[in-house]
Amino acid sequence: MIRLARKEDKHQIAELIYIIWNDMELDIVRSLPRDTVLEVLALAIETVEYRNSYRHIYVYEVDGNVAGCIVGYPGAKEMTFENAWHDLDVTEEIKSFGTPLPEKEARNDEIYIESVATFPEYRGQGIASKLFKHLLNTDKNAKWGLICEKDNVGAQALYKRLGFKIDGETTLYGHDYHHMTYQINESVI
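Under the UniProt record's numbering, the first residue of the sequence shown is numbered 1, with each subsequent residue one higher.
What follows is the structure in structure tokens.
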């Protein structure tokens, strides 16, 4: 079942976001204990209008557990959402890192799909595809965008099957990405 995330999903969503942040090798993940990062992520998901706020997330639920999630929001608001990190009630050590994702990823004219993730035990079941299709159908007139690491051929294949097209390149956090765009009038959904 796909539904909007709720505050009480914060710990499971934090685990999913952590998987992505760990792959991105963000400073906060490399420098702080995993449990600390998970605690702060859960706080951000629940309490502030951060990019990974529960308000921007749909979850795929299996037997009462979050199996995966997808995060999307207006690209023009990305840095406003990112700066909400500063509103968290956290230690000075955590504040010293600044915001975790200070580089702009989204284009202002798109709804940006920040991330999609599933727990390993649920992979290969089409959950990511179902989450994408659900999100894309929430606004059929929108232009949707995302970035995909250039060497992640599996993800690129999924995005292309869904109707995304490569329309640019960028480098963020030391990794090379394709920017991909989707519009329903060009889609296969």
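Even glycine gets a Cβ: it sits at the ideal position worked out from N, Cα and C.
C-alpha distance - residue i paired with residue j, whole-angstrom precision
i	j	result
ALA44	TYR177	26 angstroms
GLN156	LYS150	8 angstroms
ASN83	TYR173	17 angstroms
ALA128	THR80	27 angstroms
ILE141	TYR182	Note that residue 141 corresponds to Asn in the displayed sequence, not to Ile. Rounded to whole angstroms, ASN141 to TYR182 spans 10 angstroms at the Cα level.
LYS7	GLY64	15 angstroms
GLY145	THR91	34 angstroms
VAL188	TRP85	Reliability of the predicted coordinates at VAL188 is poor, the pLDDT of 49 falling under 50, and the value obtained from them is presented with this limitation in mind. So the alpha carbons of these two residues sit roughly 37 angstroms apart.
Status (buried if at least 16 other CB within 10 Å, exposed otherwise) for residue i
i	result
VAL59	buried
GLU78	buried
LYS10	buried
VAL116	buried
ARG51	buried
Residues near residue i by beta carbon distance below 7 angstroms, same chain, minus five either side
i	result
CYS148	ALA155, GLN156, TYR159, TYR177, HIS178, MET180
MET1	GLU61
residue 196	Outside the displayed span of the chain (1 to 189) sits residue 196, for which this structure offers no information.
THR118	ALA67, GLY68, ILE127, ALA128
Check: residue i C-beta below 7 angstroms from any heavy atom of the ligand GTP
i	result
GLU121	As far as ligands go, the structure on display features none, and thus does not contain the ligand GTP.
Sequence-distant residues of the same chain with beta carbon closer than 8 angstroms to residue i, five excluded per side
i	result
TYR18	VAL29, ARG34, VAL37, LEU38, LEU41
LYS104	GLU78, MET79
6 angstroms CB neighbourhood of residue i in its chain, flanking five on each side removed
i	result
ILE184	LYS140
is_contact[residue i, chain B] using C-beta, thresh 8 angstroms
i	result
ARG161	This model lacks chain B altogether, as it is built from one protein chain only.
Any contact of the region 69 to 76 with the region 111 to 131, i.e. 3+ C-beta pairs under 8 angstroms? In this structure the region 69 to 76 lies against the region 111 to 131, because at least three pairs of beta carbons, one per stretch, are closer than 8 angstroms.
Hey, is the region 160 to 171 in contact with the region 120 to 139, meaning 3+ C-beta pairs nearer than 8 angstroms? In short, these stretches touch, since the Cβ pair count reaches three.
Uninterrupted alpha helix (DSSP H) stretches inside the region 101 to 179 (no shorter than 4 residues): Counting only runs of 4 or more, we get 127 to 136, 153 to 162.
Are the region 92 to 106 and the region 27 to 36 in contact at 8 angstroms, needing three or more beta carbon pairs? Short answer: they touch.
What are the start and end residues of each continuous beta strand (DSSP E) run of 3 or more residues lying completely inside the region 11 to 45, in chain order? Taking only runs of at least 3 residues, no beta strand (DSSP E) segment lies wholly in the region 11 to 45.
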